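One line per chain: the protein sequences are A and B, in this order. Note that the working numbering gives residue 855 to position 68 of the first sequence, counting from 1, and the numbers run on in steps of one. Note that the working numbering gives residue 212 to position 56 of the second sequence, counting from 1, and the numbers run on in steps of one. Each residue gets a CB set at the ideal place from its N, CA and C atoms; glycine is no exception. Bear in mind that the values here come from a model prediction, so they are computed numbers and not experimental data.
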Amino acid sequence: MKIPSHPTSKSVLMLCLYPLSNPRHGGQIRTGKIKEKYISLGYRVRAAGVLSHNSYPRERGFIKGPPPKVLTEFLSHPVGLEDYIIGRLCGENDIWFEKLQKQIPANVDLIHVEQPWLFSFAKQLSHTFDSPPPIIYGSQNMEHLLKEDILGPAFEEDEVRKRVRLVREVEVNAIKEADAVVAVSAEEGAWAEEVGARQVTVLPNGVSASSQTSRARSFVQSLGLGERYCLFVGSAHWPNADGLLEMFKEGLGCLAPDESLVVAGAVRHLVVSDSRFESSPNLREKTIFLGELDGEDLSELLAKAHAIVLPITSGGGTNLKTAEAIWAGKHVVATTKAMRGFESFADAPGVSIADTPAEFKRELRRAMDSPLPVISSEEREKRKSVLWESSLRGLEDLLHSLEGQ
Amino acid sequence: MEVELANQLTASFGDAFYVCDWSGSHFRVLDRAEYLQRINALPTARQPGTVSTAHGNAHQEAWRLVSLDKKSAAKAVLRGSFSLLPAFARRALYPTGLVLLRIAKKVLAGLRVLKQNVHKAAARAVRQRRRISVKDDSSHLFPFREGDVFLSVGNDWDYGFDEALFRARKSTGFTVVRMVYDMVPYLFPHYSVDGVPKRFVPHIIDASYGADLVLCISQNTERDFLSALETFGTPAPQTAVVRLGDNIAVENDVFIPDNTPVEIKRIASQPFILYVSTIERRKNHETLYRAYRQILSANPSAQLPHLVFVGTSGWRVSDFLNDLALDPVTKDFITWLPWVPDEDLDYLYDKALFCVYPSSYEGWGLPIGEALSRGKAVIASSAGSIPEVGGELVDYVNPWDTSAWAEAIVNMSSNDDYRLSREKMVRDSYVPHGWNESTQDIVDKIRELMTDGAKNREH
């Protein structure tokens, strides 16, 4: 771990709904990187929260999430709003508030809440301290829009509107009440300002400059992925699956017989359980699922890919995978939505933007037929801005500004 | 077509032409004698040297006329056995029999699902193995060199050699010519045998990547093929349209009327309408049956020509065949001949009042050309490529409009002046296209490709 250049005795409490060791999905990775940044700035960091999913491993500071019965008692058919309900319980229910409070030290100098769910808890908690610390709201998305995409297929229009309104209330409250808002994109930052944020800093998602190992090299070689492959990496986040299925629902014919579509990440079960996967001509035949991989194996997979696809068609926020794809230096075929926050790379060598299935497949075919893009040293320098050390640089200034208040 | 094509290719290329067989893992060059033996075993003609008498032929061919498909046969055996029991036994056993039948149906359905799941798991395992094992250039699986031309004119989605062929062509540089007859399994999966639609699209995609030229049997097929590739995002290979032939390959082109079986002569002794096609749902025999039913229900004494279906039974038509056999309104008006040799088919065309073709979709429509080349008037559906075959020489009817078919059939059968005028137009205007011309067309296109390929190699 990097030795802080300006050690401080200050402490920060980070609140979220997932553990931070062995991060798998984008939210965990981002929160983990922000935690590392705090440490590098000399802060003592304590992470705490609620494990919102049964699959999350136990971690110090985190309590187990409520059972399905409790979720259903709060809101009938809670699917897609579990995080919202957990936040409401911790903020309004004494038993849940105290359960979580027990995980937290008596006093902290700063509270950082990732996503709006535990903001209400954080606000009440801050009043139990000797001196209420500033609260930073770390936004990862325009949550109410994301929920609209997720809830849309599951509920009638009126019910979707009602539920989205509930999420928006919590989100807007966090933005307004926080002492500072950290947004992942300029678009999100502008919206936060519009709804009344006191202070907004944009810290985009990034990627780690990881190294490849011989073990990972052997592992990827053993997979027999074909002459060339294009890669899609996605967590179990509905927009990831939806985008892939939408782009290829009329058939995946843009890959030659000796090429494959390799899909890594937990997105697998969302994809295969959707009827579009079976009904799309040739999609099943061309897809190789690898499931969740560790960082080294994923790095090797990225290094050996000929093209990376980012078929994101819904959801907000910015995509960690976009940062990874840009850093990898391979062909990138992405939608406009996937490039959100990385618009400056839209014309970069090897990057193609396509928003319709026909265009996307055409660009992918073109990428697979072309040699790998040539990345000049100048271009490589420019791409360093997607590394976490660059993208989170603004946090230091934000903390200074909060200290000054 | 394969026989004619083989003859043409031999005439054009001599010993440079040879036939290969796909064994499931590699191609094997066939010995010429072995190939000829296989061709001669095809059931297109009567065995050469047969001394045919009317009676002998009746015995020779009658077994085909009275045989049922297996499902109908099994039902008939069960019904027959049940009927032979005394009445008290039938009364006692009937409810139990029903229960047993229901259980049997459920068990069969479960076994079908299990079989499908086993096939799916096996297919997944094969795909997994193929991904790992088909990792080299596969050139050792194909006995071809640069400059050779590989031609496949079959419906070969079941063979599974597309990926290996692609790799071998990529590494060796030989030329590949494939053929597409239609896009039915993609456009009309509900008309296809179970499992075929799923195999068909990957085959079309992989075959396109691995082909220098794809021959389509009609402009409509070419349009459907290219449109599908565009939807899939597959780059389109070079395509060309080749027309199929109209003539039935009667041995030595000598027609001996005394060879015709008695049953065929009996059918031909009264006015009849001919529909030549496999009996499957897409071919829409049901519309003709309904049209006849409509006419005869309204007027039981209507003077209708007999309706003759010539063609083997396909899939999911047993209920329809049952209707044909048992419907008291129509059964004396409709005859089904599952198979007739080419000579007898030629005879039936010759004697038919006119021909019909109500198919809901075709890649070409061979029997229409066959009928027109014999100067016959034709009523056909307007779907797919059918209008390409006869143009304005054919009367077109919406394949789904039973009443329109009934009207067209009554008009063509009863209005002699109209029918004769249509026949005259066909005789005066239709230009038959022989199989030798079709296959010569294919040979010419291969030569063009070889010439272009040689020029490209020079550059």
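Item	Value
Completely contained alpha helix (DSSP H) runs for the region 1007-1048 of chain A, where each covers 4 or more residues	1025-1035
Neighbouring residues, chain A, relative to B:R323 (Cβ below 8 Å)	P1044, D1045
Spatial distance of A:A961 from A:E944 (CA atoms)	26 Å
7 Å CB neighbourhood of A:K1171 in its chain, flanking five on each side removed	S1177
Sequence-distant residues of its chain with Cβ nearer than 7 Å to A:N1069 (five each side left out)	G1038, L1039, G1040
Own chain partners of A:G867 with C-beta closer than 7 Å, once the 5 adjacent residues on each side are dropped	K934, I937, L938, A941
9 Å Cβ cut-off: residues of chain A touching B:G389	F1035, E1037, G1038, L1039, G1040, C1041, L1042, P1144, A1145, F1147, K1148, R1149, L1151, R1152
Where B:R301 falls: helix, strand or coil (DSSP)	coil
Simplified DSSP assignment, three categories, for B:S469	strand
Where B:R184 sits in the DSSP three-state scheme	strand
For B:P427 and B:A210, the rounded distance between their alpha carbons	With a pLDDT of 25 at B:A210, under the threshold of 50, the predicted position of this residue should be treated as unreliable, and no value is reported.
6 Å CB neighbourhood of B:L667 in its chain, flanking five on each side removed	The structure shown does not extend to residue 667 of chain B, since chain B is modelled only from 157 through 615, so no value can be given for it.
Proximal residues to B:N311 (C-beta, below 8 Å), its chain only, five neighbours per side dropped	Y337
Chain-order list of residues whose beta-carbon lies under 7 Å from that of A:K886 (same chain, five-residue window excluded)	I850
Residues from the region 477-505 of chain B in contact with chain A, defined by Cβ distance under 8 Å	none
Cutoff 7 Å: A:S792 Cβ touching any chain B Cβ	With a pLDDT of only 47 at A:S792, under 50, the local geometry of the prediction cannot be trusted, and the value read off the model is given with reservation. False, the Cβ-Cβ gap to chain B never drops below 7 Å.
A:V987 versus A:M1126, A:S1001, A:F906, A:K963, residue with shortest Cα-Cα distance	A:K963
Inter-residue spacing [alpha-carbon to alpha-carbon] between A:E946 and A:R955	14 Å
Residue range of the alpha helix (DSSP H) that includes A:G813	813-827
Proximity test, Cβ basis, 7 Å: B:D600 and chain A	no
Cutoff 7 Å; reference B:I598; Cβ partners in own chain excluding five residues on either side	L161, L371, V398
Cβ-based neighbour list, A:G874, same chain, cut-off 6 Å, excluding 5 preceding and 5 following	W904, L905
8 Å contact criterion, which A:L1085 and A:A1051 should meet: CB distance rounded	6 Å
Contact belief for A:E1130 with A:A1141 at Cβ below 8 Å, rounded distance in angstroms	In fact, because the Cβ distance is near 15 Å, the residues do not count as touching under 8 Å.
Environment of B:N408 [buried if 16+ CB atoms lie within 10 Å]	At B:N408, the pLDDT of 44 sits below 50, so the modelled position is not reliable and the matter cannot be decided from this model.
Interface partners of B:E319 on chain D, CB under 8 Å	Looking at the structure shown, chain D is missing, and the protein chains on hand are A and B.
Residue closest to B:Y517, alpha-carbon to alpha-carbon, out of B:Y250, B:F173, B:M339	B:M339
Alpha-carbon to alpha-carbon, A:F884 and A:T915	12 Å
CA nearest to the CA of B:T390, picked from B:G401, B:A367, B:D402, B:A396	B:A367
Inter-residue Cα distance where the pair is A:K1036 and A:K1124	19 Å
Residue range of the beta strand (DSSP E) that includes A:Y924	922-925
Listed by chain order, chain A residues near B:P358 by CB distance under 7 Å	N1069, E1072
Contact with chain B by A:S1172, beta-carbon distance below 7 Å	no
Range of the contiguous beta strand (DSSP E) that encloses A:A970	967-970
Run of the beta strand (DSSP E) containing A:A1121, from where it starts to where it stops	1118-1121
Residues of the region 360-372 of chain B whose Cβ lies closer than 7 Å to any Cβ of chain A, in chain order	I361, D362, Y365, G366
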